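Below you'll find the structure, written out as structure tokens, and then a few comments.
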Amino acid sequence: MLYFKIFNSDNLDEIGHYPQTKLKAGYNPSLPESHWQVKSNEFPDFIPNYELELHEKAVPTNLIDPASGSFGLVVDSKLKTLFQEFNLPPHHFYPIKIYQKSKLLDYYWMHFIISDFWENIDMDKSTLRIQSNTSKDIYIILPVLSKEYVEKLSLYYLHKYEYTLFADKLYFKDSFQIYDIIDIEFLEYTPLISARLKKEMESQKMTGFQLKLYKPVK
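If you want it as structure tokens, here you go:
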């Protein structure tokens, strides 16, 4: 099973300008029903308000820079349609407003949740790694005991700048439903896509992203 980390591209030949976007002037993300009010582990009971401004020199790519570090993915209608042909976790595509000069572009914020992810990790085989940031030879390998255990470790090491916590090896149970887009809470803050989705995105020449093999998934 192969998964790839998906990043927003920083290739200026492709995206035109870095960063591509910023929060639109006059948009206040602190107000009720803004995208900042949406929690990563639940769907809101409102349609989020999310407004971005694309730099005048930037290219409107299929995957676009979300500007404010939000979770999920910001995609155009073409990439949204492609995603919907694959096996997705519970999700919503929220229409958002992206302006370039006076033109309103057609984009969506994809928010997805995998509520049973940790229940489908084979805890007996999977391991965590606490790695020194000053020496590659200094590290500790720990078992993946539970979601709560991983969450507590993640919170503890979040501000321990001399060490980093990440997945060493992750094995899924045979019963796990293979999603083409996943998110590994507490251990990886970049969404992952499957090899078959990667292949189709590249085949259809989608733009605005770069990929890197995520080695811990076995």
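Quick note on this note's numbering: the sequence shown kicks off at 19 and runs consecutively.
Built from N, CA and C at the ideal position, the CB exists for glycine as well.
Model, not experiment: these values are computed from the prediction.
Going by alpha carbons, who is nearest to residue i out of the options?
{"i": "Y189", "options": "E74, G90, W136 and Y45", "result": "W136"}
{"i": "I24", "options": "T99, G90 and L171", "result": "G90"}
{"i": "D94", "options": "R214, G87, D83 and D198", "result": "D83"}
{"i": "I156", "options": "T182, D134, N59 and I211", "result": "T182"}
{"i": "F130", "options": "K165, N138 and I211", "result": "I211"}
{"i": "R147", "options": "W127, S133, A185 and S164", "result": "A185"}
{"i": "S144", "options": "K165, D124 and S153", "result": "K165"}
{"i": "P78", "options": "G34, L163, M141 and A213", "result": "G34"}
{"i": "I132", "options": "P107, I159 and Y45", "result": "P107"}
{"i": "T152", "options": "S172, M141 and E180", "result": "E180"}
{"i": "A213", "options": "K191, I158 and K236", "result": "K236"}
{"i": "E74", "options": "F101, P37, L49 and Y45", "result": "P37"}
{"i": "H110", "options": "V56, M19 and L171", "result": "V56"}
{"i": "N29", "options": "F194, A76 and Y207", "result": "A76"}
State buried or exposed for residue i, treating a residue as buried only when at least 16 other CB atoms are found within 10 Å of its CB.
{"i": "M219", "result": "buried"}
{"i": "F64", "result": "exposed"}
{"i": "A43", "result": "exposed"}
{"i": "L205", "result": "buried"}
{"i": "G87", "result": "exposed"}
{"i": "S120", "result": "exposed"}
{"i": "L231", "result": "exposed"}
{"i": "H177", "result": "exposed"}
{"i": "L81", "result": "buried"}
{"i": "P13", "result": "For residue 13 there is no data in the structure shown, the boundaries of the chain being 19 and 236."}
{"i": "L173", "result": "exposed"}
{"i": "D134", "result": "exposed"}
What distance in whole Å lies between the Cβ atoms of residue j and residue i, which are believed to be in contact at a cut-off of 8 Å?
{"i": "Y112", "j": "Y175", "result": "No, Y112 and Y175 are not in contact; Cβ-Cβ is about 32 Å, not under 8 Å."}
{"i": "K216", "j": "F22", "result": "5 Å"}
{"i": "I251", "j": "P209", "result": "Past the boundaries of the shown model lies residue 251; the chain is included only from 19 to 236, so the question cannot be answered."}
{"i": "T39", "j": "E71", "result": "6 Å"}
{"i": "I139", "j": "W127", "result": "I139 to W127, Cβ: 27 Å. No contact."}
{"i": "M141", "j": "L163", "result": "7 Å"}
{"i": "P234", "j": "K191", "result": "P234 to K191, Cβ: 16 Å. No contact."}
{"i": "P66", "j": "S52", "result": "7 Å"}
Residues in the same chain with beta-carbon distance under 8 Å from residue i, minus the five sequence neighbours each way, listed in chain order, please.
{"i": "E169", "result": "E203 and F204"}
{"i": "Y117", "result": "K42, E69, L70, E71, L72 and L123"}
Can you name, in chain order, every residue of its own chain whose Cβ lies under 7 Å from the Cβ of residue i, other than the five neighbours on each side?
{"i": "D124", "result": "D94 and S95"}
{"i": "S150", "result": "I156, Y157, E180 and Y181"}
{"i": "T225", "result": "E32, T79 and N80"}
{"i": "L97", "result": "N80, L81 and M224"}
{"i": "N105", "result": "I196, Y197 and D198"}
Who are the Cβ neighbours of residue i in its own chain at under 6 Å, not counting the five residues just before and after it?
{"i": "Q228", "result": "F25 and S27"}
{"i": "W54", "result": "P47"}
{"i": "Y45", "result": "E69"}
{"i": "S194", "result": "Per the sequence shown, residue 194 should be read as Phe rather than Ser. Counting only Cβ-Cβ distances below 6 Å, and skipping sequence neighbours, we find N138."}
{"i": "S58", "result": "F89"}
{"i": "L20", "result": "A213"}
{"i": "L171", "result": "L183"}
{"i": "D201", "result": "P209"}
Establish whether the CB of residue i and some CB of chain D are separated by less than 7 Å.
{"i": "S221", "result": "Among the chains of the structure shown, chain D does not appear; only one protein chain is present."}
**Report entry** beta strand (DSSP E) runs wholly inside the stretch 57-91, at least 3 long, in chain order
**Finding:** 69-72
Query raised in the report: Hey, which unbroken runs of the alpha helix (DSSP H) at 4 residues or more fall wholly within the stretch 108-188?
Result: 165-175
Requested in this report: Taking only runs that begin and end inside the stretch 188-220, name each unbroken beta strand (DSSP E) of 3 or more residues, in chain order.
Outcome: 210-212
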